[in-house]
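Participant: This is the structure, below, for whatever I ask next.
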Amino acid sequence: MREFSTPLTTEIPTTGNLTDDVVTNAREAASTVMFSRRAGGPESPWVDVTAAAFLAEVGAVAKGLIAAGIEVGDRIALISKTRYEWTLLDYAIWFAGAVTVPIYETSSAEQIRWILGDSGARAVIAETSGHLARVAESRAELDQLNHVWSITDNAVDALTRLGGDISDEELEKRRTTATPLDLATLIYTSGTTGRPKGCMLTHGNFMFELGVAVDELERLFHEDDGATLLFLPLAHVFARIIQIGCVKSRTRMGHTADIKQLLPDLAEFRPTFILAVPRVFEKVFNTASQRATADGRGKIFDAAAETAIAYSRGIERGKIPFAVRAKHAVFDKLVYGKLRAALGGRCLYAVSGGAPLGERLGHFYRGIGLVVLEGYGLTETTAALTANLPDATKIGTVGRPLPGTAVRVADDGELLFRGGQVMAGYWHNDEATAEVLESDGWFHTGDLGEVDDEGFVRITGRKKEILVTAGGKNVAPAVLEDRLRGHLLVDQCIVVGDGQPFIAALVTLDREAIPLWAEQHGKRNNIAELVDDPDLQAEIQAAVDDANKAVSKAESIRKFTILVDEWTEEGGQLTPSLKLKRNVVMREFKDDVAALYVG
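Numbering (my numbering), first residue to last: 54 to 652.
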């Protein structure tokens, strides 16, 4: 058993709650711009919101919740895309002494019914009429649900008017009720297996997490004129800690949920750092590569990419060869500068989480001047347990434990963690809590990994996803899947072979990349025809061959099938954070898996 811990370097408050940051900001820096928001539609200008204005808005909405009968500790569900009102309502709920229950805006009526019923939500604030309709399907079964408000139907204004008679003294009494030990939010796991479980995260969990993270990541949160544009779902704990971190550190934040509008928004907003899941970084790289090829500059882009990777590896070794530096200077003007400009021109750092990014992409982005800081954590751990830092980065790892956090590698390779960010448990589910949380505070992540002599953690797979072939070979599919998904034409894949004589894979195609590839190769853009096309098969085989370089021969993919189908969140095969629901895919595509082992 191997163990590594990092001492706590920051004093964590033992009193108060998350609302204190909003009050302190307004008192100490009233005119500081905390948010920039779109006043109207996607074409409207960005309007600044100061610390004083944010406090006033939050307080007014909180008074409305109190007037509506919301009591201390009541759960209020929030269903919405990422937008300014999400953050406003989150803090208003806390000001009223209540608990936020975020629900992904893409959730089905059945998922919404489960979360509202399990959490015992007293109220719902939903974004659109579509969300309201999904809530309405279950309203008769939800005895505790008393209020439903709609953001697009002026929920903020309605609550503000409703709270007009609530005094400042009554609001302050409510706001200061919660302590670090009290529940701040119930975040339901994405549910890759079984019913989602409500993770009980306290004010203290967030205060610990952000107390150390903001301090450690000072180049992000304390940069002069620092700013970030949030586009990940705020229902996900990863985006939520950035929201709270920005409020705590007075870092200007914007919101956008329209991915199609993301590049124009980034160009206007000009963030100094962003956060995204690895699939976003893969898409940016693949799109840039494909566009360069379409413009006849494919070889230039490929050479620029290899130079960026070589440059980053030189940084890691402490010596960059002269020839690499010379080529890097040329490509910085031809290629890298344009990629940085696409992010607004000021972005120096990106935070990546949710899945491994892969060494090649990590080196590529650092080589073009955008350092991607990979971290690791779960909903159950208030997001980050480990993180690469600007001055302590080892590409291919997820960094070292944050201060005050310890990691242990169990005998079977599972990673266990202990720290102040670990949840209080699962809501009304003591049995599930006991399965993952030991009495002395060690949390079982379910992930397999390694810890090197410097404390850097490397994730090697998911414990429950380990495949055991008929020959007895243990195979971690994540290593192969992450590498295979990095190919331009691959959207999703699943590696199979449990109890079988060899490892195989099902592959789905990237709907954005295929049309241009088909045009370049003189083929019809018809997925049903292309899956059996020899040229496309050869492309995917090359991707498989590359992925196989990461494993031994016994673990390598011997056979694959390209599917006509697409795996999506809407289809139920992916979680909102784009993780594959392995059990769903294996059930729905069992015949395709079986066919891999026939003959």
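In this text, a Cβ means the ideal position worked out from N, Cα and C, and glycines have one as well.
Does the beta carbon of Glu163 sit closer than 7 Å to a beta carbon anywhere in chain B?
Facilitator: You won't find chain B in this structure, because it holds only one protein chain.
Participant: If I measure Cβ to Cβ from Met639 and keep anything under 8 Å in the same chain, skipping five residues before and after, which residues do I get?
Facilitator: Contacts found: Ile547, Val549, Val646.
Participant: Return the residue from the list Glu467, Asp464, Ala437 that minimises the CA-CA distance to Arg453.
Facilitator: Nearest C-alpha to Arg453: Ala437.
Participant: Identify whether Glu503 lies in helix, strand or coil by the three-state DSSP scheme.
Facilitator: Residue state, collapsed to three classes: strand.
Participant: Assuming Ala130 contacts Leu71 (C-beta within less than 8 Å), just tell me the rounded distance between them.
Facilitator: With 8 Å as the limit, Ala130 and Leu71 do not qualify as a contact, their Cβ atoms being about 18 Å apart.
Participant: Run the CB neighbour count on Glu491, radius 10 Å, all protein chains shown included, and call it buried at 16 or more, exposed below.
Facilitator: The residue in question, Glu491, is exposed, as its Cβ has fewer than 16 Cβ neighbours within 10 Å.
Participant: Count the CB pairs spanning the segment 296-308 and the segment 262-272 that are closer than 8 Å, and state whether there are at least three.
Facilitator: These segments touch.
Participant: Taking DSSP's pairing of strands, which residues face Gln197 in a bridge?
Facilitator: BP columns for Gln197 are empty, so no partner.
Participant: List the whole-angstrom C-beta distance separating Val388 from Ala357, where the pair is believed to meet the contact cut-off of C-beta under 8 Å.
Facilitator: Val388 to Ala357, Cβ: 4 Å. Contact.
Participant: So is Ala347 buried or exposed if we call it buried at 16+ other beta carbons inside 10 Å?
Facilitator: Answer is exposed; the Cβ neighbour count stays below 16.
Participant: Please report the residue range of the beta strand (DSSP E) in which His308 lies.
Facilitator: Element bounds for His308: 305-308.
Participant: Taking only three categories from DSSP, how would you classify His497?
Facilitator: Strand at His497.
Participant: Assuming Ile368 and Arg419 make a contact with CB atoms under 8 Å, what is their CB distance in whole Å?
Facilitator: Contact flag correct, Cβ pair sits at about 7 Å.
Participant: Should Gly449 and Thr458 be called a contact, given that it needs their Cβ atoms to be closer than 7 Å?
Facilitator: Going by C-beta atoms, Gly449 is not nearer than 7 Å to Thr458.
Participant: At the level of alpha carbons, what is the spacing between Ala92 and Ala113?
Facilitator: So the two alpha carbons sit approximately 19 Å from each other.
Participant: Would you tell me roughly how many angstroms separate the C-alpha atoms of Arg366 and Leu414, rounded to the nearest one?
Facilitator: Using only the alpha carbons, I get a separation of about 12 Å.
Participant: With a CB to CB cut of under 7 Å and the five nearest residues on each side skipped, what residues in its chain are close to Leu215?
Facilitator: These residues qualify, in order along the chain: Gly117, Ala120, Ala121.
Participant: Could you give the C-beta distance for Asp501 and Leu468, rounded to a whole number, given that I count them as a contact under 8 Å?
Facilitator: The sequence given here has Leu at residue 501, not Asp. Rounded, the Cβ-Cβ distance is 7 Å, consistent with contact.
Participant: Going by beta-carbon coordinates alone, are Ala659 and Ile132 separated by less than 7 Å?
Facilitator: Missing from the structure shown is residue 659; the chain here goes from 54 to 652 and no further.
Participant: Counting pairs of Cβ atoms below 8 Å between the segment 246-260 and the segment 475-484, do you hit three or more?
Facilitator: Yes, since at least three Cβ pairs between the segment 246-260 and the segment 475-484 fall closer than 8 Å, the two stretches touch.
Participant: When DSSP labels each residue in this structure, what does Val617 get in the three-state scheme?
Facilitator: Three-state result, Val617: coil.
Participant: Can you give me the Cβ contacts of Val111 inside the same chain, cut-off strictly under 7 Å, excluding the 5 residues immediately before and after it?
Facilitator: If we look at Val111 and ignore the five residues flanking it on each side, its Cβ neighbours are Val75, Leu141, Tyr144, Ala145, Phe148.
Participant: Which residue from Asp210, Pro95, Ile519 puts its Cα closest to that of Asp551?
Facilitator: For Asp551, the nearest C-alpha among the options comes from Ile519.
Participant: Just confirm the distance between the C-beta atoms of Leu401 and Leu423, as a whole number of angstroms; I'd bet it's less than 8 Å.
Facilitator: Contact holds; Cβ gap of about 7 Å.
Participant: Would you give the residue range spanned by the beta strand (DSSP E) that Ala92 belongs to?
Facilitator: Counting along the chain, Ala92 falls outside any beta strand (DSSP E), and DSSP gives it neither H nor E.
Participant: Hey, Thr103 and Val86 are a contact pair by Cβ (cut 8 Å); roughly how many whole angstroms apart?
Facilitator: With 8 Å as the limit, Thr103 and Val86 qualify as a contact, their Cβ atoms being about 6 Å apart.
Participant: To the nearest angstrom, report how far apart Ala581 and Phe334 are at their CA atoms.
Facilitator: Taking the straight line from one Cα to the other gives about 28 Å.
Participant: Which runs of the alpha helix (DSSP H), 4 residues or longer, sit entirely within the segment 163-189?
Facilitator: Runs found: 182-189.
Participant: Could you check whether Ile615 and Val584 sit closer than 7 Å to each other, using their CB atoms as the reference points?
Facilitator: In contact: Val584 and Ile615 (Cβ atoms closer than 7 Å).
Participant: Note down, one range per segment and in chain order, each alpha helix (DSSP H) of at least 4 residues found wholly within the segment 339-393.
Facilitator: As far as the segment 339-393 is concerned, its whole alpha helix (DSSP H) runs of at least 4 residues are 351-370, 375-384.
Participant: How many angstroms separate the CA atom of Ile556 from the CA atom of Ser605?
Facilitator: Computed Cα separation, rounded: 11 Å.
Participant: Rounded to a whole number of angstroms, what is the C-alpha to C-alpha distance between Thr153 and Thr281?
Facilitator: Spanning the two alpha carbons is a distance of roughly 23 Å.
Participant: Counting only the same chain and skipping the five closest in sequence on each side, list residues whose C-beta sits under 7 Å from that of Ala596.
Facilitator: Leu537, His540, Val543.
Participant: Quick check on the burial criterion: 16 or more other C-beta atoms within 10 angstroms. Buried or exposed for Ile312?
Facilitator: Ile312 is exposed by the Cβ-count criterion.
Participant: For Val451, is the classification buried or exposed, using 16 other Cβ atoms within 10 angstroms of its Cβ as the cut-off for buried?
Facilitator: It is buried - the Cβ of Val451 has at least 16 other Cβ atoms within 10 Å.
Participant: Find the nearest neighbour of Pro324 within the set Lys352, Gly279, Asn339, judged by alpha-carbon distance.
Facilitator: It is Gly279 whose Cα lies nearest to the Cα of Pro324.
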